[in-house]
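Novice: Input: one structure, supplied below.
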Amino acid sequence: VGHRAARLRSLFTQKYPPVKFLSEKDRKRILITGGAGFVGSHLTDKLMMDGHEVTVVDNFFTGRKRNVEHWIGHENFELINHDVVEPLYIEVDQIYHLASPASPPNYMYNPIKTLKTNTIGTLNMLGLAKRVGARLLLASTSEVYGDPEVHPQSEDYWGHVNPIGPRACYDEGKRVAETMCYAYMKQEGVEVRVARIFNTFGPRMHMNDGRVVSNFILQALQGEPLTRSGEWPRGSHEQQRQQPRQPGSGSEIQFLSEAQDDPQKRKPDIRKAKMMLAWEPVVPLEEGLNKAIHYFRKELEYQANNQYI
Ligand code: NAD
Ligand code: UDP
Numbered sequence: 341v342g343h344r345a346a347r348l349r350s351l352f353t354q355k356y357p358p359v360k361f362l363s364e365k366d367r368k369r370i371l372i373t374g375g376a377g378f379v380g381s382h383l384t385d386k387l388m389m390d391g392h393e394v395t396v397v398d399n400f401f402t403g404r405k406r407n408v409e410h411w412i413g414h415e416n417f418e419l420i421n422h423d424v425v426e427p428l429y430i431e432v433d434q435i436y437h438l439a440s441p442a443s444p445p446n447y448m449y450n451p452i453k454t455l456k457t458n459t460i461g462t463l464n465m466l467g468l469a470k471r472v473g474a475r476l477l478l479a480s481t482s483e484v485y486g487d488p489e490v491h492p493q494s495e496d497y498w499g500h501v502n503p504i505g506p507r508a509c510y511d512e513g514k515r516v517a518e519t520m521c522y523a524y525m526k527q528e529g530v531e532v533r534v535a536r537i538f539n540t541f542g543p544r545m546h547m548n549d550g551r552v553v554s555n556f557i558l559q560a561l562q563g564e565p566l567t568r569s570g571e572w573p574r575g576s577h578e579q580q581r582q583q584p585r586q587p588g589s590g591s592e593i594q595f596l597s598e599a600q601d602d603p604q605k606r607k608p609d610i611r612k613a614k615m616m617l618a619w620e621p622v623v624p625l626e627e628g629l630n631k632a633i634h635y636f637r638k639e640l641e642y643q644a645n646n647q648y649i
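In terms of this note's numbering, the sequence shown opens at residue 341 and continues consecutively.
Printed below as a string of structure tokens:
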């Protein structure tokens, strides 16, 4: 019987990725808003595997249950379908506030909702942090720099954002979210952290995200021309749009006209993060692209197999 019980137990525990044991004093109760999204689900994996108790709050606007389904039923994990624009009363030690659409087609789909999520949603999470004495990290963005006039961008550059342009709901929403974090820190003593994330890619990113890396991968896998927007190369003209060039990669390139307020160039100055946090990217470009390509292939297969369900 003991043997059978052990087998049953191991069958049960094998269902989940390996989780470290943490003593009660080291184990934190962590809220991740937007935890069913691309970045949030990887963070969920990391914190779960480190042995913490993780509560994911998500309204599934762009996130998916599939991204965190491997944790459902685990005693340290909870998934709550909730919109951060509504107040939330739970008890936690730390908050990672990631809830917000992230790519232009997603955040432009309903600009008012994007603004509410980043303003009212952030206010609610700061109110929660204040009430329970939790530290809050805001997932901000390189978009706070707008179309920058300074390269590379360091933390003290204030940015160059069009406040009434098509991207403003996101850019200004995140800028105000940052402002709120520092107001709650100064006025209420809430401990806050702000991470300005630059364009990130990898497994679980949305295939139809509309950003350059996902577009190029999807187009290449489907044998379609790679769409390049922005300034047309010297000597290019209308004809080139109809007869795309044929580069060595095997994919054609189709030139599109420039999107309004699209940043021309952006690159983070990571010297301070390196010096103070010992942070730097660890996944080389090619390895990261291969991981993303592998994921996209699997997703296309999954979609092909499930299209009649
Ligand atoms: P994502 O769209 O995959 O994840 C966002 C998640 O937030 C989704 O699961 C979505 O359903 C959820 N969400 C949206 N509105 C919500 C609401 N009102 N209430 C509850 N949940 C809501 O995007 P991502 O790439 O994982 O981005 C995560 C965070 O990082 C975002 O705040 C984004 O602005 C920031 N960011 C991402 C990048 C990037 O390159 N991926 C770059 C800069 C900043
Ligand atoms: N809030 C929340 N969860 C909490 C505490 C507050 O969602 O546990 C929300 C609350 O609805 C309020 C917002 O956070 O609208 C800001 O809270 P704060 O206490 O800073 O402001 P006040 O309630 O005094 O306006």
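Note that the Cβ used here is the ideal one computed from N, Cα and C, for glycine as well.
1) For the ligand UDP, which residues have a Cβ under 6 Å from at least one heavy atom, in chain order?
2) If distances are taken between C-alpha atoms only, which option among Gln-643, Pro-621, Asp-602 comes closest to Arg-611?
3) Short check: CB of Val-424 to CB of Ala-439, under 8 Å?
4) Kindly examine the ligand NAD and report whether one of its heavy atoms sits closer than 7 Å to the Cβ of Gly-486.
5) From this set, Glu-495, Thr-462, Glu-489, which residue's C-alpha is nearest Ala-479's C-alpha?
6) Give me the residue from Ile-452, Glu-528, Ala-474 with the minimum Cα distance to Arg-507.
7) Do the stretch 598 to 617 and the stretch 481 to 497 touch if we need at least three Cβ pairs shorter than 8 Å?
8) Counting beta carbon pairs with one atom in the stretch 632 to 643 and one in the stretch 543 to 558, are three or more of them shorter than 8 Å?
9) Answer yes or no: the CB of Asp-423 versus the heavy atoms of the ligand NAD, is any distance below 7 Å?
10) Please indicate yes or no: does the CB of Val-394 lie closer than 7 Å to some heavy atom of the ligand NAD?
11) Val-516 and Thr-459 look like a contact to me (Cβ under 8 Å); what is the Cβ gap, rounded to whole Å?
12) Suppose the cutoff is 6 Å on Cβ atoms and the five residues either side in sequence are ignored; what does the same chain contact list for Ser-591 look like?
13) Which one of Leu-476, Tyr-497, His-382, Leu-477 has the shortest CA to CA distance from Tyr-485?
14) Return the residue from the list Glu-626, Pro-358, Asn-446, Tyr-429 that minimises the CA-CA distance to Met-465.
15) Here's the rule: buried if 16 or more other CB atoms are within 10 angstroms of the residue's CB, otherwise exposed. What is Met-615?
16) What did DSSP end up calling Glu-393 once you bin it into helix, strand or coil?
17) How many angstroms separate the CA atom of Thr-457 from the CA atom of Ala-599?
18) Looking only at its own chain, which residues have a Cβ that is under 6 Å from the Cβ of Ile-420, when we skip the five neighbours before and after it?
19) Consult DSSP for Ile-435 and reduce its assignment to one of helix, strand or coil.
20) Between which two residues does the alpha helix (DSSP H) holding Thr-462 run?
Specialist: Concretely, from the data shown:
1) Counting every residue whose Cβ lies closer than 6 Å to a heavy atom of the ligand UDP, we get Pro-427, Leu-428, Tyr-429, Leu-463, Asn-464, Gly-467, Leu-468, Lys-470, Arg-471.
2) Pro-621
3) yes
4) no
5) Thr-462
6) Ile-452
7) yes
8) yes
9) yes
10) no
11) 6 Å
12) For Ser-591, the CB contacts under 6 Å within the same chain, skipping 5 residues up- and downstream, are Ala-560, Leu-566 in chain order.
13) Selected option, being the one with the closest Cα: Tyr-497.
14) Tyr-429
15) Answer is exposed; the Cβ neighbour count stays below 16.
16) strand
17) 24 Å
18) The answer, listed in chain order, is Val-397.
19) Strand, per DSSP.
20) 451 to 472
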